[in-house]
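First comes the structure, then the notes that go with it.
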Amino acid sequence: MTKIISSTNCGNSPKMEFLKEFNIAFAEGKVEFIIESVTDDIVWDIIGDKKIEGKERFTKELEKMKSEKAIELIIDQILSHGKEGASNGIMKMQNGKQYAFSDFYIFKNTKSNILKSITSYVIEI
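Residues in the sequence shown are numbered from 23 upward in steps of one, following my numbering.
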């Protein structure tokens, strides 16, 4: 089981709570939850690595990543405003590697918890 460390916030933002759960799902390899949380035309831009377009390619990428188990997820910040959101933190992997990440999200619309775009910056530390 992945240890989750998350800074507290005011707790009155459904989008911030969703982004917390979305990040936890990534760390725990909960592909089904992640897939249900994106549009069919999702764009995931992993800066300096690859750009993944469409739910089918996104799903295949998640399945590849599923074997890399996170033992700890530290979420430092989660922000949201309107159709946009962001999160950053550190993910510690079972193989001993650690990654600092910063993700920027665009939601389908202001009332939705469905993501249409993710831009990720990931650095091995």
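From the three backbone atoms N, C-alpha and C, an ideal C-beta is built for every residue, glycine too.
- Burial state of G111 is buried, judged by a 10 Å Cβ sphere holding 16 or more other Cβ atoms.
- The Cβ neighbour count for G70, taken over all protein chains shown within 10 Å, is under 16; the residue is labelled exposed.
- In the structure shown, T24 falls within a coil segment according to DSSP collapsed to helix, strand and coil.
- Following the DSSP letters along the chain, one finds T132 in no alpha helix (DSSP H), marked with neither H nor E.
- Boundaries of the beta strand (DSSP E) harbouring N110: 106 to 115, taken from the DSSP string.
- With contacts defined as CB atoms closer than 8 Å, E106 and I128 qualify as a contacting pair.
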